[in-house]
Amino acid sequence: MSPNLQPSPNDPSPEALDRFFRQTRPVDLALWLARLPANEAWQHLAAMSPQQRAEIFGEFSPDDQNALATLIPPQELVGIVALMQSDDRVDLFQRLGPDEQRRLIRDLPPEVSRDIERLAIHAEESAGAIMTSDYAVLDGAMTAAEAIEALRRQAGGSETIYRSYVVDETGRLTGSVRLHALILASEHTLVRDLMGQDPVSVSIDTDQEEVARRIAHYDLLAIPVVDGDGRLVGIVTHDDAADVMQDEATEDFQKISHVLPFKQTMRQAGIGMLYSRRIVWLALLVIGNLFSGAGIAHFEDMILAYVSLVFFLPLLIDSSGNAGSQSATLMVRALATGDVEMKDWRDLILRELAVAAALGATMAAVVFPVGAWRGGVDVALTVGLTMFIVVLIGSLVGMSLPFLLSRLRLDPATASGPLVTTIADATGVVIYFSIATMILKA
1 MSPNLQPSPN DPSPEALDRF FRQTRPVDLA LWLARLPANE AWQHLAAMSP QQRAEIFGEF
61 SPDDQNALAT LIPPQELVGI VALMQSDDRV DLFQRLGPDE QRRLIRDLPP EVSRDIERLA
121 IHAEESAGAI MTSDYAVLDG AMTAAEAIEA LRRQAGGSET IYRSYVVDET GRLTGSVRLH
181 ALILASEHTL VRDLMGQDPV SVSIDTDQEE VARRIAHYDL LAIPVVDGDG RLVGIVTHDD
241 AADVMQDEAT EDFQKISHVL PFKQTMRQAG IGMLYSRRIV WLALLVIGNL FSGAGIAHFE
301 DMILAYVSLV FFLPLLIDSS GNAGSQSATL MVRALATGDV EMKDWRDLIL RELAVAAALG
361 ATMAAVVFPV GAWRGGVDVA LTVGLTMFIV VLIGSLVGMS LPFLLSRLRL DPATASGPLV
421 TTIADATGVV IYFSIATMIL KA
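Heads up: the sequence shown is residues 1 to 442, going by full-length UniProt numbering.
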């Protein structure tokens, strides 16, 4: 059903509301409930079945879950957490305060408490932090018929059974087998004869972005997570990988705009938080822009003598910044996706040199006639030559900064946008008036 579906104001009866809840998908119900006051949202959830409650609660954003968790009676919260998927409930657990965590661990069923404690110890943004323990395992010595029966027993507690994982008696991952293969095989065929050996896997401490990249690269529904001894400890599913990629893309966009990363949505973010995340880089960039002002002040006599030069100043420095931002954005994305690596820097800088030279020559040809019209041939030559050089330098700076920051183990996303533009502005002013001094005072 459509995410915009909601109960009709012309039919507010309990029957209409009940029909709406039964016919709407959990993710869409969570979206609708999140727009209500927290206490009203809980009233609706309280009227649902325990399983439906857990499914919908797992679809709420982290902030909405936190708001509801403070309203829900402790025993009701225990019931919801116990029925949530393992990766979702451990995320909620880690956002609770110490007292709430202790109370939850105490009241949950022992097997659920142990599962939370086992998953909660892993480092943030690692495979261990986003994996789930809800997966299906098989023994290689099983027949296809026995395997299918085993999957029937495990299906209710598994996020996916389309691909099951084969482990030995010590729990080490030895292979994986598709449900499709089990169904089509003769019932006496052994699982070890159907499984693919050496499946793609990740270790517990693999970065979550790399996990998502491998799932996308190998087109997997899920990827197994193994410990240092090769024992299967969990899986990361494609939907969790998609969430990771979305979060990483959001963070990159924030950094490209020189906003310190934040987890809340724009709808939930407060004024103070948005201010604190934006002011740091804006203040630093103001200091950077002072260099542009100092450059202009140094060439005051030149500007007074050739006032027509001022007409072209915004055009030239903006062109340099725009070219640099283009190069930086392309390179940041290429580094993020693994399309390029540090070893490719030399080849890429040579190619960027050729591309930037062509761009600079084209843009110089565009502004040359305008320069001739405004100030004569000398001004046109000054403007055209400056345009060529600043576009060339801006492009090379924009392409090189992401590599430099990567080498320094910093996030290359901070090289884009305002930072490149600030550098381009300062260098562009100096280059422009230096060329003007050489040509116009010769």
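For glycine and all other residues, C-beta sits at the position ideal for the given N, C-alpha and C.
Span of the alpha helix (DSSP H), counted from its first residue to its last, around residue i
i: TYR432; result: 418-440
i: VAL367; result: 345-375
i: LEU77; result: 74-83
i: ASP88; result: 86-95
i: ASP64; result: 62-69
i: LEU104; result: 98-107
i: ARG118; result: 110-120
i: PRO412; result: It is not in any alpha helix (DSSP H) - PRO412 carries neither H nor E in the DSSP assignment.
i: ALA46; result: 38-46
i: PHE21; result: 14-23
i: ARG53; result: 50-57
i: MET302; result: 300-305
i: VAL27; result: 26-34
Buried/exposed call for residue i, threshold 16 Cβ in 10 Å
i: SER319; result: buried
i: HIS122; result: buried
i: GLN246; result: exposed
i: VAL366; result: exposed
i: PRO3; result: Because the pLDDT of PRO3 is 42, which lies under 50, any placement of that residue in the model is unreliable, and the number read from its coordinates should be weighed accordingly. Exposed, because fewer than 16 other Cβ atoms sit within 10 Å of the Cβ of PRO3.
i: GLU169; result: exposed
i: PRO14; result: exposed
i: PRO412; result: buried
i: TRP373; result: exposed
i: GLU40; result: exposed
i: THR124; result: One point to set straight first is that residue 124 is Glu, not Thr, in the sequence displayed. The residue in question, GLU124, is exposed, as its Cβ has fewer than 16 Cβ neighbours within 10 Å.
i: LEU350; result: exposed
i: ILE80; result: buried
i: ALA249; result: exposed
i: GLN23; result: exposed
i: THR337; result: exposed
i: HIS64; result: Residue 64 is actually Asp in this sequence, not His. Looking at its Cβ environment, which holds 16 or more other Cβ atoms inside 10 Å, ASP64 is buried.
i: SER276; result: exposed
i: ILE279; result: exposed
i: VAL310; result: exposed
i: GLN75; result: exposed
i: residue 492; result: Nothing about residue 492 can be read from this structure; the chain reaches only from 1 to 442.
i: VAL90; result: buried
i: ALA240; result: Note that residue 240 is Asp in the sequence shown here, rather than Ala. ASP240 is buried by the Cβ-count criterion.
Range covered by the beta strand (DSSP E) that runs through residue i
i: PRO224; result: 222-226
i: ILE235; result: 232-237
i: LEU190; result: First-last for LEU190: undefined, no H or E at that position.
i: SER164; result: 163-167
Supposed contact pair residue j and residue i - C-beta distance, whole angstroms, cut 8 angstroms
i: PHE312; j: GLY371; result: 7 angstroms
i: THR421; j: GLY293; result: The Cβ separation is near 15 angstroms, so there is no contact.
i: ILE148; j: LEU182; result: 6 angstroms
i: ILE204; j: GLY128; result: 4 angstroms
i: VAL112; j: ALA141; result: Incorrect: roughly 30 angstroms between the Cβ atoms, too far for contact.
i: LEU316; j: GLY398; result: So it is not a contact: roughly 16 angstroms between Cβ atoms.
i: LEU173; j: VAL226; result: 5 angstroms
i: LEU151; j: VAL191; result: Not a contact, Cβ separation roughly 11 angstroms.
i: THR382; j: ALA436; result: 5 angstroms
i: ALA356; j: LEU392; result: 5 angstroms
i: SER158; j: SER176; result: Not a contact, Cβ separation roughly 14 angstroms.
i: SER308; j: GLY375; result: 4 angstroms
Beta-bridge partners of residue i, as assigned by DSSP
i: GLN197; result: GLY175
i: SER319; result: According to DSSP, SER319 bridges with nothing at all.
i: VAL202; result: VAL225
i: ASP207; result: SER126
i: LEU138; result: VAL166
i: THR143; result: LEU190
i: THR132; result: ILE235
8 angstroms Cβ cutoff, residue i in contact with chain C
i: SER327; result: Going by chain labels, chain C is absent from the structure shown, which holds only one protein chain.
> Three or more beta-carbon pairs under 8 angstroms between the region 288-308 and the region 400-413, yes or no?
Replying inline: no
> Hey, is the region 181-188 in contact with the region 219-237, meaning 3+ C-beta pairs nearer than 8 angstroms?
Replying inline: no
>> When you compare the region 125-137 with the region 78-97, are there three or more beta-carbon pairs, one atom per stretch, that lie closer than 8 angstroms?
In response: yes
> Quick one: any contact between the region 101-117 and the region 190-201, if contact means 3 or more CB pairs under 8 angstroms?
Replying inline: no
> Using 8 angstroms as the Cβ pair cut-off and three pairs as the minimum, do the region 353-366 and the region 383-403 touch?
Replying inline: yes
> Per the contact definition of three or more C-beta pairs closer than 8 angstroms, is the region 60-71 in contact with the region 88-105?
Replying inline: yes
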